[in-house]
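Peer 1:
There are 2 protein chains.
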Amino acid sequence: MQQPTLHTILSPRMLDIYDVRQSIFVIIDVFRATSTIATALYNGAKKVIPVDQVDQCIELGKKLNAITAGERDGKIIPGLQYGNSPAEYPRNFIEGQTLVLTTTNGTKLLHMALQAGADDVITGSFPNLSAVANYLIEQKKPVFLGCSAWKDRFNLEDTLFAGAVIHAVKSHFTIHCDSSLMAEQMYLQHKDDMHGFARLTTHWHRLSQYGLEKDLEYCVTPDGAPILPRYVDGALIPHSKTV
Amino acid sequence: MQQPTLHTILSPRMLDIYDVRQSIFVIIDVFRATSTIATALYNGAKKVIPVDQVDQCIELGKKLNAITAGERDGKIIPGLQYGNSPAEYPRNFIEGQTLVLTTTNGTKLLHMALQAGADDVITGSFPNLSAVANYLIEQKKPVFLGCSAWKDRFNLEDTLFAGAVIHAVKSHFTIHCDSSLMAEQMYLQHKDDMHGFARLTTHWHRLSQYGLEKDLEYCVTPDGAPILPRYVDGALIPHSKTV
Numbered sequence: 001m002q003q004p005t006l007h008t009i010l011s012p013r014m015l016d017i018y019d020v021r022q023s024i025f026v027i028i029d030v031f032r033a034t035s036t037i038a039t040a041l042y043n044g045a046k047k048v049i050p051v052d053q054v055d056q057c058i059e060l061g062k063k064l065n066a067i068t069a070g071e072r073d074g075k076i077i078p079g080l081q082y083g084n085s086p087a088e089y090p091r092n093f094i095e096g097q098t099l100v101l102t103t104t105n106g107t108k109l110l111h112m113a114l115q116a117g118a119d120d121v122i123t124g125s126f127p128n129l130s131a132v133a134n135y136l137i138e139q140k141k142p143v144f145l146g147c148s149a150w151k152d153r154f155n156l157e158d159t160l161f162a163g164a165v166i167h168a169v170k171s172h173f174t175i176h177c178d179s180s181l182m183a184e185q186m187y188l189q190h191k192d193d194m195h196g197f198a199r200l201t202t203h204w205h206r207l208s209q210y211g212l213e214k215d216l217e218y219c220v221t222p223d224g225a226p227i228l229p230r231y232v233d234g235a236l237i238p239h240s241k242t243v
Numbered sequence: 244m245q246q247p248t249l250h251t252i253l254s255p256r257m258l259d260i261y262d263v264r265q266s267i268f269v270i271i272d273v274f275r276a277t278s279t280i281a282t283a284l285y286n287g288a289k290k291v292i293p294v295d296q297v298d299q300c301i302e303l304g305k306k307l308n309a310i311t312a313g314e315r316d317g318k319i320i321p322g323l324q325y326g327n328s329p330a331e332y333p334r335n336f337i338e339g340q341t342l343v344l345t346t347t348n349g350t351k352l353l354h355m356a357l358q359a360g361a362d363d364v365i366t367g368s369f370p371n372l373s374a375v376a377n378y379l380i381e382q383k384k385p386v387f388l389g390c391s392a393w394k395d396r397f398n399l400e401d402t403l404f405a406g407a408v409i410h411a412v413k414s415h416f417t418i419h420c421d422s423s424l425m426a427e428q429m430y431l432q433h434k435d436d437m438h439g440f441a442r443l444t445t446h447w448h449r450l451s452q453y454g455l456e457k458d459l460e461y462c463v464t465p466d467g468a469p470i471l472p473r474y475v476d477g478a479l480i481p482h483s484k485t486v
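This is the structure:
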């Protein structure tokens, strides 16, 4: 039997080159949206609703009696309650709650993937690396690893996460894709010093100005939040609750 | 004094993220347009005129009494005389001639860069690596390394050439760009076995079906055609003739 294909999309700008229908689409936004989503759900959040606009975030928060969160340039957006840091969502705070989250890059890509007809949208980050890899192997469907990038520019951290997934699943997929080959090679080159690597990225330089080093180190550490967020009926919920 | 900036653009799809005005834009299409352009000019071609359309290629060829060339899927396009292989343009054939060339990826990016207002457009490939690096160092202007990619998909060979240029010039530029960091790291990882590396790329698999292995090896070997093609008045001509 032929194995399903796997491709890596390095920026939202490259999305419409591919036919993503009938596939699993993995949204990757390592610093920090998808790391935060995995962490909040792992710590018991009922669901995470990703929205594009701040107004919509405030409105939904009121309507659902939910926690609202979002940052621009490392600061909480006026009108919202919390930020994009995984550390803000420990179990004793988030358990049983709904989180409405607005982010610049990850949310945009998620909505683009849905619009392009992706069949199954999940989110990936180092904190839930193994959960993502195991799910992809189980499903036996074509996969697109979608890097959210930074304002459409290629970024290293999302690419390295794609590489980590590829390294874990590649014997189960047919991969003829230079982006995937590059991503895995970059991952193998840096996997034994992910904290050192993170300091090389342009994103690190942006966020470390805001004192977020500890956050960023958490975001490149595998399997701190072993859960699989799946997009179902407008929200990201843990996969275990959907079966 | 602050050093000029350098960015790497991984696909034509990413071009309009950047403001390329007042900059030097390097068109990279390693397999094989920019390798062929360097080779033809090094072997004495008067100029190379890159055109988008086959019709335009035929028409200009007649008008200028020029050699017409272009391939699709490894075969010479009906109506044109020659292909995209550097080996087709030895000195005893091309010296003093004008070559009108149509290619899928490189020509498209060149016209996009011009339209976006790039100030100075040159072409780069391993056969003219050092000529490109030396020119960029001399000029002291902002630089964009533009990968032609394959039908807008990221490709490894153009990225590795960008990495080779970055490795040669980086002490002269300010580089805060994850694409550039990745490109240089990929280059350093593969530079001692470029022939082995080339065999990993998806493009190799496409072209090697047409028996072009020797061509592809030439295209990843540095400095076989040490010349700098610059776009002046609608054609690529050797830089030495422009000063």
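These protein sequences, in sequence, are chains A and B.
Per this note's numbering, the first sequence runs over residues 1 to 243.
Per this note's numbering, the second sequence runs over residues 244 to 486.
Beta carbons are placed, not taken as given, at the ideal position from N, Cα and C, and that holds for glycine.
These figures come from a predicted structure and were not determined experimentally.
Could you name the residues of the region 196-223 of chain A whose beta carbon sits closer than 9 Å to any beta carbon of chain B, in the order they occur along the chain?
Peer 2: L200, T201, T202, H203, H205
Peer 1: Nearest to T5 (chain A) by CA position, among A:E157, A:A133, A:N43, A:C177, is which residue?
Peer 2: A:C177
Peer 1: Name the chain B residues that come within less than 8 Å of M112 (chain A), Cβ to Cβ?
Peer 2: Within 8 Å Cβ-Cβ: nothing; M112 (chain A) doesn't reach chain B, min ~13 Å.
Peer 1: Using a C-beta cutoff of 7 Å, does I260 (chain B) count as contacting chain A?
Peer 2: yes
Peer 1: Looking at the secondary structure, which residues open and close the alpha helix (DSSP H) in which I409 (chain B) lies?
Peer 2: 399-412
Peer 1: CB V386 (chain B) to CB I267 (chain B), shorter than 7 Å?
Peer 2: yes
Peer 1: Please work out which residues of its chain come closer than 6 Å, Cβ to Cβ, to L307 (chain B), disregarding the five sequence neighbours upstream and downstream, and give them in chain order.
Peer 2: T341
Peer 1: Once DSSP output is grouped into helix, strand and coil, what is the label at I17 (chain A)?
Peer 2: helix
Peer 1: Between the C-alpha atoms of K318 (chain B) and A411 (chain B), what's the straight-line distance to the nearest angstrom?
Peer 2: 35 Å
Peer 1: Can you tell me whether DSSP reads T36 (chain A) as helix, strand or coil?
Peer 2: helix
Peer 1: Does any C-beta atom of chain B lie closer than 7 Å to the C-beta of D192 (chain A)?
Peer 2: no
Peer 1: Which ranges does the beta strand (DSSP E) cover as unbroken runs of at least 3 residues, wholly within the region 51-103 of chain A, from first to last along the chain?
Peer 2: 67-72, 98-102
Peer 1: Skipping 5 residues on each side, what residues in its chain have a beta carbon closer than 6 Å to that of Y474 (chain B)?
Peer 2: Hits under 6 Å: V364.
Peer 1: Reducing DSSP to helix, strand and coil, say where C260 (chain A) ends up.
Peer 2: It is not possible to answer for residue 260 (chain A), since the shown part of chain A is limited to 1 through 243.
Peer 1: Short check: CB of L101 (chain A) to CB of V20 (chain A), under 7 Å?
Peer 2: no
Peer 1: With a threshold of 7 Å between beta carbons, is S278 (chain B) in contact with chain A?
Peer 2: no
Peer 1: Please go through the same chain and pick out, in chain order, the residues whose beta-carbon is closer than 6 Å to the beta-carbon of Y378 (chain B), but skip the five residues on each side of it.
Peer 2: L471
Peer 1: Would you please verify whether the beta carbon of N348 (chain B) is less than 7 Å from any beta carbon of chain A?
Peer 2: no
Peer 1: Would you report the Cα separation of M14 (chain A) and N335 (chain B), rounded to the nearest angstrom?
Peer 2: 43 Å
Peer 1: Measure the beta-carbon distance from L372 (chain B) to T251 (chain B) and round it to whole angstroms, keeping in mind my assumption that it falls under 8 Å.
Peer 2: That pair is no contact at about 15 Å.
Peer 1: Going by DSSP, name the residue or residues bridged to K290 (chain B).
Peer 2: B:T341
Peer 1: Starting from A356 (chain B), trace the alpha helix (DSSP H) both ways and give me its first and last residue.
Peer 2: 349-358
Peer 1: Just to confirm my understanding: we take A133 (chain A), look at its own chain, exclude 5 residues before and 5 after, and list those with CB closer than 6 Å. What are they?
Peer 2: V165, A168, V169
Peer 1: When DSSP labels each residue in this structure, what does R473 (chain B) get in the three-state scheme?
Peer 2: strand
Peer 1: Going by other Cβ atoms of all chains shown within 10 Å of its Cβ, with 16 needed for buried, is K108 (chain A) buried or exposed?
Peer 2: buried
Peer 1: When you compare only the Cα positions, how much space is there between P370 (chain B) and V463 (chain B)?
Peer 2: Rounded to the nearest angstrom, the two C-alpha atoms are 7 Å apart.
Peer 1: Determine, using beta carbons only, whether S125 (chain A) and S35 (chain A) come nearer to each other than 7 Å.
Peer 2: yes
Peer 1: Residues of the region 394-405 of chain B in Cβ contact with chain A at a cutoff of 9 Å, in chain order, please.
Peer 2: K394, D395, R396, F397, N398, L399, E400, T402
Peer 1: Roughly how many angstroms separate the alpha carbons of R206 (chain A) and R199 (chain A), rounded to a whole number?
Peer 2: 11 Å
Peer 1: Report the rounded CA-to-CA distance for M425 (chain B) versus P12 (chain A), giving the unit in angstroms.
Peer 2: Distance between the alpha carbons of M425 (chain B) and P12 (chain A) is about 18 Å.
Peer 1: Looking at chain A, is there any beta carbon in it that lies within less than 7 Å of the beta carbon of H410 (chain B)?
Peer 2: no
Peer 1: Apart from the five residues on each side of it in sequence, which residues of its chain come closer than 7 Å, Cβ to Cβ, to V243 (chain A)?
Peer 2: With a pLDDT of only 39 at V243 (chain A), under the threshold of 50, the placement of this residue in the model should not be trusted, and no figure is reported.
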